[in-house]
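Beneath this line is the structure, given in structure tokens, with notes to follow.
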Amino acid sequence: MKILIVSDSHGISGPLRTVIMKESPDMLIHLGDSEYPQSEIASWAGAPKTPCIFVRGNCDYNYSDPSLVRNEAVFELKGHRFFCAHGHLQRVNYGLLTLSLTAQEQGCDICLFGHTHVPYDSFGDAISSFNRYYESGFGTPSGPRILNPGSIAIPRGGSKRGYMVMEMKEDGRYEVFYRTID
Ligand SMILES: [Mn+2]
């Protein structure tokens, strides 16, 4: 299945709608600061047939549908457990340790965030990393896979307008593709 991961569209609906139409995903995850009615974004993706998940960004108050947005979303899919948050509450501008540990506290192996407007794809620090390294061999990454699709509307840090597509097979194997629209 194809999961479209976007963030920080900040009221600029054009590229968001274009990408949703182009990718035609089986699931949509918006990581916050849409500043646009979530129900409308979800309708572009084909909700309710297509599941859509929205988390609240620091700019999402006037335009958001309270019934559709939450601060954090945790769900399971094909043997994986996802943690989704905008990231401002985990202070991601100052580092990803809190985000990584919060995801792990909830048993998640995949962690999605936005807010920075800069794409990111790496493994996070682990809870009890000393013990895990001791058990599994030094240097083994044991934190969650942490992904940020960047901003689909207002890129920063030298990045381009972009998003991520996660292709997940039935057996849980997955690949992540970062795509730009410029
Ligand atoms: Mn933000």
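In the numbering used here, the protein residues as written are 3 to 184. Virtual Cβ for every residue (Gly too), placed ideally from N, Cα, C. Note that the structure is predicted; figures quoted are calculated from it, not measured.
(request) With DSSP collapsed to three states, give me the class of R58. (result) Here residue 58 refers to the residue found at position 56 when the sequence shown is read from its first residue. In the structure shown, R58 sits in coil (DSSP, three-state: anything other than H, G, I, E or B).
(request) Mind the definition here: the segment 11-19 touches the segment 91-105 only if three or more C-beta pairs lie below 8 Å; say whether that holds. (result) no
(request) Taking 8 Å as the threshold, find out whether the segment 150-157 comes into contact with the segment 63-79 through three or more Cβ pairs. (result) no
(request) Classify G159 as buried or exposed, calling it buried when 16 or more other Cβ atoms lie within 10 Å of its own Cβ. (result) Here the question's residue 159 lines up with position 157 in the sequence shown. So G159 counts as exposed.
(message) Based on DSSP bridge pairs, tell me the residues matched to M29.
(response) On the sequence shown, residue 29 is found 27 positions in, with the first residue counted as 1. Bridge partners of M29: I5.
(request) Report whether the distance from the Cβ of H32 to the nearest heavy atom of ligand 1 is below 6 Å. (result) By one-based count along the sequence shown, residue 32 stands at place 30. No - ligand 1 has no heavy atom lying nearer than 6 Å to the Cβ of H32.
(message) Helix, strand or coil, according to DSSP, for L79 in the structure here?
(response) Here residue 79 is taken as the residue at index 77 of the sequence shown, counted from 1. Looking at L79 - three-state DSSP - the assignment turns out to be strand.
(message) G116 and L18 - do their beta-carbons sit closer together than 7 Å?
(response) In the sequence shown, counting from the first residue as 1, residue 18 sits at position 16. In the sequence shown, counting from the first residue as 1, residue 116 sits at position 114. The answer is no: Cβ separation not under 7 Å.
(message) Does any residue of chain D have a CB that is nearer than 7 Å to the CB of P17?
(response) Checking the listed chains, one finds no chain D in this structure; it contains a single protein chain.
(request) Report whether the distance from the Cβ of N73 to the nearest heavy atom of ligand 1 is below 6 Å. (result) Mapped onto the sequence shown, residue 73 falls at position 71. No, the beta carbon of N73 sits no closer than 6 Å to any heavy atom of ligand 1.
(request) Determine the contact status of S102 and G145, defining contact as a CB-CB distance below 7 Å. (result) On the sequence shown, residue 102 is found 100 positions in, with the first residue counted as 1. On the sequence shown, residue 145 is found 143 positions in, with the first residue counted as 1. Yes. Within cutoff.
(message) Along the chain, where does the beta strand (DSSP E) containing S124 start, and where does it finish?
(response) Mapped onto the sequence shown, residue 124 falls at position 122. It spans P121 to F125 - the beta strand (DSSP E) in which S124 sits, taken as one unbroken run.
(message) Pop quiz: K4 and P27 are said to be a contact at Cβ under 8 Å. What is the actual Cβ separation, rounded to whole angstroms?
(response) Here residue 4 is taken as the residue at index 2 of the sequence shown, counted from 1. Here residue 27 is taken as the residue at index 25 of the sequence shown, counted from 1. The Cβ separation is near 5 Å, so the contact holds.
(request) Under 7 Å Cβ to Cβ from E37, same chain only, skipping five residues before and after it: list those, please. (result) The residue labelled residue 37 in the question sits at position 35 within the sequence shown. Excluding positions up to five away in sequence, the list reads H12, G13, C61, D62 and Y65.
(request) Could you say which of D35, P157, L30 and R58 lies nearest to P50 if we only look at CA atoms? (result) On the sequence shown, position 48 is the one that residue 50 refers to. Per the Cα distances, L30.
(message) For F84 and E78, I'd like the C-alpha separation in whole angstroms.
(response) Here residue 84 refers to the residue found at position 82 of the sequence shown. Here residue 78 refers to the residue found at position 76 of the sequence shown. Rounded to whole angstroms, F84 to E78 spans 6 Å at the Cα level.
(request) Measure the beta-carbon distance from R181 to V167 and round it to whole angstroms, keeping in mind my assumption that it falls under 8 Å. (result) Here residue 181 refers to the residue found at position 179 of the sequence shown. Here residue 167 refers to the residue found at position 165 of the sequence shown. Contact flag correct, Cβ pair sits at about 6 Å.
(message) On the criterion of 16 or more Cβ atoms from any shown chain inside 10 Å, does D35 qualify as buried, or is it exposed?
(response) Position 33 of the sequence shown holds residue 35. So D35 ends up on the buried side.
(request) Please classify M23: is it buried, with 16 or more other beta-carbons within 10 angstroms of its beta-carbon, or exposed? (result) Along the sequence shown, one-based indexing puts residue 23 at 21. M23 should be labelled exposed.
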